[in-house]
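The listed protein sequences derive, respectively, from chains A and B. Heads up: the first sequence begins at 1 in my numbering, then just goes up one per residue. Heads up: the second sequence begins at 505 in my numbering, then just goes up one per residue. C-beta atoms are modelled at their ideal positions from N, C-alpha and C, and glycine is treated no differently.
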Amino acid sequence: MVAFLSFVVVVLLMVVLVLVARASEITSELKDKFDYFNQSRLNGYLLMVFLILMFVGSAYSFKELMPVMLPKAASIHGIQTDFLFNITMLIIGIVFVLTQVALFYFAYRYNESQGHEAYFYTHNNTLEVIWTVIPSLVLTGLIAMGMFEWFRIFNSEARAADKMVIEVTGKQFNWILRYPGKDNNFGNRVFDVDHISPTNELGIDWEDKNSHDDFMADKIVLVKNKPVLMKLGALDVLHSFYLPHFRVKMDCVPGIPTEFYFTPTMTTVEMQQYLSTQPWWQTNHPETGEPRWKSFKYELACAELCGKSHYGMQKEVLVVEQAEYDEWQSKQVAMYETVKSTLAEKPGKVEVLEASLAAKPSLELKGATEVGIESQLVAFINDDQRAVDKTTWFSFDRLTFETGKAVIKAESKEQLDNMVSILKTYSNVELKVGGYTDNVGDAKANLKLSNERAKAVVAALVAEGIDAKRLVAEGYGQDHPVADNKTDEGKAKSKRIDICVTKK
Amino acid sequence: MQTATAEHAHVATGHGHHGHDGRHDHHEETFLTKYIFSQDHKMISKQFLITGIFWGVVGGLLSILFRIQLAFPNETFPILETFLGKWAEGGKISNEFYYALVTMHGTILVFFVLTGGLSGTFSNLLIPYQIGARDMASGFINMLSYWFFFTASVILFLSFFIQTGPASGGWTAYPPLNGLRDTGVNLGSGLGFDLWALAMTFFIVASLIGSLNYIATVLNQRTKGMTMLRMPLTIWAFLFTAVIGVLSFPALLAGVVLLEFDRLLDTSFYLNNIVINGQLLGYKGGSPILFQHLFWFLGHPEVYIIIIPAMGIVSEVLAVHSRKPIFGYTAMVLSILAILVLSFIVWAHHMFVTGLNPNLGAVFTLFTLLIAIPSAIKVFNWIGTLWKGKIRLSTPALFAIGFVSMFITGGLTGIALGNSAIDIQLHDTYFVVAHFHVVMGVSAFFGMFAGVYHWFPRLYGRMMNETLGQIHFYATLIGAYCIFFPMHFMTGLPRRYYTYANFDTFNNFNHLAVFITVAAIIVFLAQFLFIVNFFYSIFKGRKLEGEYNNPWGGTTLEWTAPVERLHGNWPGDLPVVHRWPYDYSVNGREYIPQTEPMKPGEVAHG
Ligand code: HEM
Ligand SMILES: [Cu+2]
Ligand SMILES: [Cu+2]
Chain A
1 MVAFLSFVVV VLLMVVLVLV ARASEITSEL KDKFDYFNQS RLNGYLLMVF
51 LILMFVGSAY SFKELMPVML PKAASIHGIQ TDFLFNITML IIGIVFVLTQ
101 VALFYFAYRY NESQGHEAYF YTHNNTLEVI WTVIPSLVLT GLIAMGMFEW
151 FRIFNSEARA ADKMVIEVTG KQFNWILRYP GKDNNFGNRV FDVDHISPTN
201 ELGIDWEDKN SHDDFMADKI VLVKNKPVLM KLGALDVLHS FYLPHFRVKM
251 DCVPGIPTEF YFTPTMTTVE MQQYLSTQPW WQTNHPETGE PRWKSFKYEL
301 ACAELCGKSH YGMQKEVLVV EQAEYDEWQS KQVAMYETVK STLAEKPGKV
351 EVLEASLAAK PSLELKGATE VGIESQLVAF INDDQRAVDK TTWFSFDRLT
401 FETGKAVIKA ESKEQLDNMV SILKTYSNVE LKVGGYTDNV GDAKANLKLS
451 NERAKAVVAA LVAEGIDAKR LVAEGYGQDH PVADNKTDEG KAKSKRIDIC
501 VTKK
Chain B
505 MQTATAEHAH VATGHGHHGH DGRHDHHEET FLTKYIFSQD HKMISKQFLI
555 TGIFWGVVGG LLSILFRIQL AFPNETFPIL ETFLGKWAEG GKISNEFYYA
605 LVTMHGTILV FFVLTGGLSG TFSNLLIPYQ IGARDMASGF INMLSYWFFF
655 TASVILFLSF FIQTGPASGG WTAYPPLNGL RDTGVNLGSG LGFDLWALAM
705 TFFIVASLIG SLNYIATVLN QRTKGMTMLR MPLTIWAFLF TAVIGVLSFP
755 ALLAGVVLLE FDRLLDTSFY LNNIVINGQL LGYKGGSPIL FQHLFWFLGH
805 PEVYIIIIPA MGIVSEVLAV HSRKPIFGYT AMVLSILAIL VLSFIVWAHH
855 MFVTGLNPNL GAVFTLFTLL IAIPSAIKVF NWIGTLWKGK IRLSTPALFA
905 IGFVSMFITG GLTGIALGNS AIDIQLHDTY FVVAHFHVVM GVSAFFGMFA
955 GVYHWFPRLY GRMMNETLGQ IHFYATLIGA YCIFFPMHFM TGLPRRYYTY
1005 ANFDTFNNFN HLAVFITVAA IIVFLAQFLF IVNFFYSIFK GRKLEGEYNN
1055 PWGGTTLEWT APVERLHGNW PGDLPVVHRW PYDYSVNGRE YIPQTEPMKP
1105 GEVAHG
């Protein structure tokens, strides 16, 4: 309705404009000629007003937007390229102001209403040489500085021997992060059908001993002041490895390896501390309700259009001190460990090995059916094609409450236990639990009940050892029926507990 | 009557074709030959213009749709579902359709509006008129050029209505995303992309034969006395644009044909070791990067194909309305020439972070920043033209001034992007979006508007409404800055994101997204002021009085032809040129037409 009304208003406005314009034209026609002279005077003033508006607007943009831009660079080269960027923007800014002022001021000053004659002036060689040479010199300076930094970034000979190496492979719509383990060497990858399969997408050669301590992780962990070489690749289409805070970007190309070498200079905690001194970062985050700097984290994003869920390729990046890294690494389980047993049984049979990988982690789910919430949830978690979103919900099918109360019936235990094992197996997964009711009774009371029931489910899971931080409860009352509330059957369906995966 | 001297043999061609009197010497025209399959450059110009306006509205509308998604990622608009059906289920544009929208928006605006619509309209209208020719070198090929363009348009338009939707892998069509015909990889990479490729093929053919015709016409059909250095800057611009097009479009054609080979015949030009769902596909040995080289070998010159005609138009409009010669005519010609040459050796600045050899990156940085120099010269010369002029701030002049303002703003940010070390961070972020929309998108539109308002009387014998035009100007100027200026602050924000909700890092600009979208909607609506004005004025605009009418007091030849648009342009002999086109405010005269012989003792300029 609002949309329609605004549409009508806009159309009417335009009709009025057209009529006014037409009228002004007719009057000027009566005067025999359109009155350009006075129009020029008016437009001269308007252009000056615009010029001022433009500068006021620019200043306002700086004030409002500078604080929300990315914080200062957290890598050695990033500090340099930011410096270059700032210098360039400063020069650009000066030229911008000078040229725009000249342009609009001349338009105003020399419009025909000023009562002067035009000056026949075809060219001036000196002037033209000057305004060719000055930009050339400035540009040469910028190029020189830029090249100096560019070659430093990509100078592969100057790389430290004790650098870290991490392999990042993009695929639709996820990143595969492989660490070389203690030996700092990756196992070989072989691109043939014997090696590549749904469970070994990278085509890792398990017979290469180097692969035996390689491990995968779901975040990038870097060490402060320790150079890292990112070995980049892609399986299916182009992706681009983008670490905004470190000023790192490099395309990931199927079939062609690329790399990027850089050194992080601030741990995540140090960056948080730095941001805690910045006014904007001290304001509260709308979702957490805490100062923004507290929830700051480095992130990895994809910067090359790679398909429909391109915008969902997020991974966390953590920068820590060496000791913390060592501890973290010691806790990682080598991929080989999970496949070894199968390898021993049937040496050389890669497929079998991979089948066992596929089965991992093996879940024991009691009484779960193919259409039940357990299977749906596991399938969703395992499917890399399906990104986390706010609209995919799964309904508990064997969870019941005492009528009108938030007390879970004993018969629900089996399904709740299954949920606990799923959550324990997939330790990254975080859930939102939503409560819903039918439309019988008072809407407010329903909302309260649904909220309490969702909380009861969360409490039951926490009681079994799931970290409360991974779960959020919310009641939605009677607003989202899944079936027709007119039938009893429908009402029963609408009374439910749903879950939505918020992280996997 | 003229004699065909050796020096001006081309004049004879004009005669042979039309006789001495264009008014009476041709066969009866039917509706079909006059309005549809016309070989007359003026009619073809109008066809390009009106097709361009159509595409402009479509392309603009698409951008409004995806801007709505960007500004309100969590809201639903049931009305969208009413119109778009499955593409906006539940009133929310799906991610697949979002990418189709941005892809088609880019393709339509870059190729169908700002290349076809802009170059097609003004090259066709002005080349014969301003060089004093009866028509294009080949009217037939000119007609074909439009109909190839039309066919391309139809194909592209149809692709919106197929099951899997139009192409959705970006206007740059990078493989492998667009190189696999698998709709599981990308919905739009099915039939949608084939139609895109087919449309582009027709488009390229249209552009190529059109350009060859423009070049041939400018080189051969100039009237007596119209030496190259007496050509208005518009003609220089169209000539150089056509040369760039002829040299660069074939690379894109080759690129797209090889891409279709990969897609349809399973060749591996661009594909190597592709793994989809854990299955290794059979492609071996190709390189996705090769396509990018081919694409940008056209793609970069393409941006100049768009902007150079606009530059030409603006140069002419500024001079006419300042009542003052263009400042530095020779420098203006030479700088377009420099841009022409350099535009072929900067393409890899779009590929700094593809894993390109760093040495190559350095070379391309050098050339890229070099191209800023001729661009700067042009800007200074436009400002120099305004200086001490007697400027009539009519709508065309306002748009020309707006063009210069936009071109400065957008060109300057190119200097940041062109420096490869800085581009590592800026590549594929909103900073790039801001850069090219300001320098190319908005600027070229301003050039086009300046041209339409200025030459409308030449096209239709009537004036456009001035008041409406000025309102259109201010709304567009202010609105465009509101849309694109703030984007320069989004230096870290990746472009082509459906929503930023998955990242903490990118969630700081949500309020700005709403502002930008509102501004975009206003600017879009403001364009209807132009469209209404345009069509209204065709029928009801203020009529030019008298048989000859030169509403802006221009010196160039198009104003020496009768208001009535004759086949053959001039009723009697072709005009003869005696001087350069910028004799404004000289010798005590406000302007001296190019056809006026030099007085004894008068010094030639230029
Ligand atoms: C002053 C000289 C200019 C320089 C130094 C320059 C530099 C650049 C660079 C380096 C990029 C690549 C940015 C990236 O993707 O990371 C770029 C993008 C672009 N530029 Fe310019 N530019 C200049 C003028 C122009 C002009 C005059 C136009 C058009 C008329 C233009 C149109 C574009 C377009 C369309 C893109 C983006 C294409 C895309 O990625 O979709 N530029 N420019
Ligand atoms: Cu991506
Ligand atoms: Cu370019």
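Item to check | Collapsed DSSP secondary structure at A234/A in the structure displayed | outcome: To locate residue 234/A, count along the first sequence from 1; it is residue 234. DSSP places A234/A in strand when its eight states are reduced to three.
Item to check | Inter-residue spacing [alpha-carbon to alpha-carbon] between A746/B and I572/B | outcome: Locating residue 746/B in the second sequence gives position 242, where the first residue counts as 1. Locating residue 572/B in the second sequence gives position 68, where the first residue counts as 1. Computed Cα separation, rounded: 37 Å.
Checklist entry - So does H804/B have its beta carbon nearer than 7 Å to some heavy atom of ligand 3? => result In the second sequence, residue 804/B corresponds to position 300, counting from 1. Checking the Cβ of H804/B against ligand 3 gives yes.
Item to check | Under 8 Å (Cβ pairs) to chain A, residues found in the segment 771-785 of chain B | outcome: Look at the segment 771-785 of chain B: the residues with a C-beta under 8 Å from a C-beta of chain A are L775, N776, N777, I778, V779, I780, N781, G782, Q783, L784.
Item to check | Chain-ordered residues, beta carbon under 5 Å from a heavy atom of ligand 5 | outcome: Ligand 5 is not part of this structure, which contains only ligand 1, ligand 2 and ligand 3.
Item to check | K892/B, DSSP secondary structure in three states | outcome: For the purposes of this step, residue 892/B is taken as residue 388 along the second sequence, with counting starting at 1. Three-state DSSP puts K892/B in coil, outside helix and strand.
Checklist entry - Listed in chain order, which residues of the segment 898-915 of chain B have Cβ atoms closer than 7 Å to some Cβ of chain A? => result Going along the segment 898-915 of chain B in chain order, one finds S898, L902, I905, V908, S909, I912, T913 with a Cβ nearer than 7 Å to chain A.
Next on the checklist: Taking the straight line between their C-alpha atoms, what separation do you get for G435/A and R292/A?
Outcome noted: The count along the first sequence starts at 1 and reaches residue 435/A at position 435. The count along the first sequence starts at 1 and reaches residue 292/A at position 292. Near 29 Å, if we compare the C-alpha coordinates of R292/A and G435/A.
Checklist entry - Going along the chain, which residues of the segment 479-496 of chain A sit with their C-beta nearer than 9 Å to a C-beta in chain B? => result none
Checklist entry - In whole angstroms, what separates the C-alpha of L822/B from that of T122/A? => result On the second sequence, position 318 is the one that residue 822/B refers to. On the first sequence, position 122 is the one that residue 122/A refers to. Near 14 Å, if we compare the C-alpha coordinates of T122/A and L822/B.
Next on the checklist: If you reduce the DSSP assignment to three classes, tell me which class V824/B lands in.
Outcome noted: Looking up residue 824/B in the second sequence gives position 320. Under the three-state reduction of DSSP output, V824/B falls in the helix class.
Checklist entry - Going along chain B, which residues have a C-beta under 9 Å from M250/A? => result The sequence position of residue 250/A within the first sequence is 250, counting from 1. The contact set of M250/A on chain B, defined by CB atoms closer than 9 Å, consists of V857, T858, G859, I928 in chain order.
Checklist entry - Is R937/B near ligand 3, judged by its Cβ being under 7 Å from some heavy atom? => result Taking the first residue of the second sequence as position 1, residue 937/B is located at position 433. The question names Arg, but residue 937/B in the sequence shown is Val. Answer for V937/B: no, Cβ out of range of ligand 3.
Checklist entry - Is any heavy atom in ligand 3 found nearer than 7 Å to the beta carbon of Y1071/B? => result The count along the second sequence starts at 1 and reaches residue 1071/B at position 567. Note on identity: in this sequence residue 1071/B is His, with Tyr being the wrong assignment. Answer for H1071/B: no, Cβ out of range of ligand 3.
Next on the checklist: Taking the straight line between their C-alpha atoms, what separation do you get for A387/A and G790/B?
Outcome noted: Locating residue 387/A in the first sequence gives position 387, where the first residue counts as 1. Locating residue 790/B in the second sequence gives position 286, where the first residue counts as 1. Taking the straight line joining both Cα atoms gives about 30 Å.
Item to check | Buried or exposed by the 16-neighbour rule on C-beta atoms within 10 Å, applied to H245/A | outcome: By 1-based counting over the first sequence, the position of residue 245/A is 245. Residue environment for H245/A: buried (at least 16 other C-beta atoms within 10 angstroms of its C-beta).
Item to check | Given 8 Å, three or more beta-carbon pairs between the segment 970-978 of chain B and the segment 829-845 of chain B | outcome: no
Item to check | heavy atom of ligand 3 below 7 Å from H853/B C-beta | outcome: Looking up residue 853/B in the second sequence gives position 349. Set against 7 Å, the gap from the CB of H853/B to the closest heavy atom of ligand 3 is smaller.
Checklist entry - With a CB to CB cut of under 7 Å and the five nearest residues on each side skipped, what residues in its chain are close to V606/B? => result For the purposes of this step, residue 606/B is taken as the residue at position 102 of the second sequence. Here V606/B has F570, R1000 as same chain residues with Cβ atoms under 7 Å from its own Cβ, once five neighbours each way along the sequence are excluded.
Checklist entry - Within 10 angstroms of its Cβ, does M836/B collect 16 or more other Cβ (buried), or is it exposed? => result Stepping through the second sequence from its first residue, residue 836/B is reached at position 332. Flag for M836/B reads buried.
Next on the checklist: Give me, in chain order, the residues of the same chain whose beta-carbon lies closer than 7 Å to that of Y145/A; leave out the 5 immediate sequence neighbours on both sides.
Outcome noted: As a working note, residue 145/A is residue 145 in the first sequence. Note that residue 145/A is Met in the sequence shown, not Tyr. For M145/A, where only same-chain residues beyond five positions count, the Cβ hits under 7 Å are L84.
Item to check | Partners in chain A for M1036/B, counting only beta-carbon separations shorter than 8 Å | outcome: As a working mapping, residue 1036/B is identified with position 532 in the second sequence. It is worth fixing the name first, because residue 1036/B is Val in this sequence and not Met. Correct list: M14, V18.
Item to check | Span separating the alpha-carbon of A334/A from that of I928/B | outcome: On the first sequence, residue 334/A is found 334 positions in, with the first residue counted as 1. On the second sequence, residue 928/B is found 424 positions in, with the first residue counted as 1. Their backbone Cα atoms lie some 34 Å apart in a straight line.
Item to check | Rounded Cβ spacing between R1069/B and L629/B (contact assumed at less than 8 Å) | outcome: Here residue 1069/B refers to the residue found at position 565 of the second sequence. Here residue 629/B refers to the residue found at position 125 of the second sequence. With 8 Å as the limit, R1069/B and L629/B do not qualify as a contact, their Cβ atoms being about 10 Å apart.
Next on the checklist: Quick check for students: name the residue ranges of the alpha helix (DSSP H) that lie wholly in the segment 58-107 of chain A, counting only runs of 4 or more.
Outcome noted: none
Checklist entry - Is it buried or exposed for G526/B, if we count other Cβ within 10 angstroms and need 16 for buried? => result Here residue 526/B is taken as the residue at index 22 of the second sequence, counted from 1. Bear in mind that a pLDDT of 41 at G526/B, under 50, signals an unreliable position, so the model cannot answer this.
Checklist entry - For the beta strand (DSSP E) that G170/A lies in, which residues bound it at each end? => result Here the question's residue 170/A lines up with position 170 in the first sequence. Looking at the DSSP string, the run of the beta strand (DSSP E) that includes G170/A is 164-171.
Checklist entry - So L757/B packs on I817/B, CB below 8 Å; how close in whole Å? => result As a working mapping, residue 757/B is identified with position 253 in the second sequence. As a working mapping, residue 817/B is identified with position 313 in the second sequence. Not quite, the Cβ-Cβ distance comes to about 28 Å (not below 8 Å), so this is no contact.
Checklist entry - Can we count V614/B as close to ligand 3, meaning its CB is less than 7 Å from some heavy atom? => result Here the question's residue 614/B lines up with position 110 in the second sequence. False, no ligand heavy atom lies under 7 Å from that Cβ.
Next on the checklist: Output needed in chain order: residues of the segment 663-685 of chain B with a Cβ under 7 Å from some Cβ in chain A.
Outcome noted: G673, G674, Y678, P680, L681
Next on the checklist: Is V562/B a contact residue of ligand 3, with contact defined as CB to any heavy atom under 7 Å?
Outcome noted: Locating residue 562/B in the second sequence gives position 58, where the first residue counts as 1. Checking every heavy atom of ligand 3 against the Cβ of V562/B, none is found closer than 7 Å.
Next on the checklist: Here's a check: name, in chain order, each residue in its chain whose Cβ is nearer than 7 Å to the Cβ of D251/A, leaving out the five neighbours to either side.
Outcome noted: Translated into the one-based positions of the first sequence, residue 251/A becomes position 251. L238, S240, T258, E304.
Next on the checklist: Using only the alpha-carbon positions, how far apart do I881/B and V49/A sit?
Outcome noted: Counted from its first residue, the second sequence places residue 881/B at position 377. Counted from its first residue, the first sequence places residue 49/A at position 49. For I881/B and V49/A, the distance between alpha carbons rounds to 27 Å.
Item to check | Beta carbon of A454/A nearer than 8 Å to that of G475/A | outcome: Numbered from its first residue, the first sequence carries residue 454/A at position 454. Numbered from its first residue, the first sequence carries residue 475/A at position 475. Yes, they are a contact pair.
Next on the checklist: Cβ closer than 7 Å: which chain B residues qualify as neighbours of K297/A?
Outcome noted: Numbered from 1 along the first sequence, position 297 holds the residue referred to as residue 297/A. By Cβ distance, chain B contributes D1008.
Next on the checklist: Is the separation between the beta-carbon of N200/A and that of T265/A shorter than 8 Å?
Outcome noted: As a working mapping, residue 200/A is identified with position 200 in the first sequence. As a working mapping, residue 265/A is identified with position 265 in the first sequence. Cβ atoms of N200/A and T265/A: not closer than 8 Å.
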